[in-house]
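Notes for the one structure printed next.
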Amino acid sequence: MPIKGVEIGQEFRFAKTVGEADVTLFAGLTGDFSDTHINEQYMQEKSSIGTRIAHGALLVGYMSTASTISIAHVIHRTDLDEFPVSAGYDRIRFIRPVLLGDTVTVIYKVTEIDEEKRRSIADMDVINQRGEVVAAGRHIMKWAKKLSVK
1 MPIKGVEIGQ EFRFAKTVGE ADVTLFAGLT GDFSDTHINE QYMQEKSSIG TRIAHGALLV
61 GYMSTASTIS IAHVIHRTDL DEFPVSAGYD RIRFIRPVLL GDTVTVIYKV TEIDEEKRRS
121 IADMDVINQR GEVVAAGRHI MKWAKKLSVK
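In this text, residue positions in the sequence shown follow full-length UniProt numbering: the first is 1, and each later residue adds one.
Structure, rendered in structure tokens:
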């Protein structure tokens, strides 16, 4: 039986300029206060990059936002008997650093549907404003039976 609301080739996007507040707040939320993210002087003196970079896990958060956008059009449909739930991320790679001030766009594209396992898989590329891929991965969406609400 086909999974309603998802088709191979569907594409969804989320774009965000990575700012000072994003990196600082993310450091506070996660406890990741690495000098690579919060110490400009350190990065100027010690790194080949020359400036602070965003957390890789922050990019995974943006990937999660794109996956949420991918299901926004179906989660409230009354004709669905299944509900999409994130089952995880696979093959996450951080390819290039993301600098504060970069605008990144997550491109979330459904590439596989496994009707037997009731899941869909999407490839995700995160590109910067120069068109460079800065991160990539795959997302697995599980289509679980809806609970009946009385």
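Note that beta-carbon positions come from the ideal geometry of N, C-alpha and C, so glycine has one too.
Check whether residue i and residue j have beta carbons under 9 Å apart
i, j, result
"V139", "D90", "According to the sequence displayed, residue 139 carries His and not Val. A contact, by the Cβ cut-off of 9 Å."
"V60", "H37", "no"
"V110", "E7", "yes"
"T105", "R13", "yes"
"residue 235", "G137", "Past the edges of the chain, shown from 1 to 150, lies residue 235, and the structure says nothing about it."
"A144", "V85", "yes"
"H55", "D32", "yes"
"L80", "K146", "yes"
"S70", "A15", "no"
"E116", "P2", "no"
"K4", "A87", "no"
"A66", "T30", "no"
"I95", "V133", "yes"
Paired residues, beta bridge with residue i - DSSP
i, result
"V6", "The partner list for V6 (beta bridge, DSSP) is empty, contrary to what the question assumes."
"G137", "M124"
"K145", "E82"
Checklist line | beta strand (DSSP E) segments (min. 3 residues) lying fully within the UniProt domain "MaoC-like" (8 to 118) | finding: 11 to 17, 82 to 94 and 103 to 114
Checklist line | Meets three-Cβ-pair contact criterion under 8 Å: the region 1 to 15 and the region 105 to 121 | finding: yes
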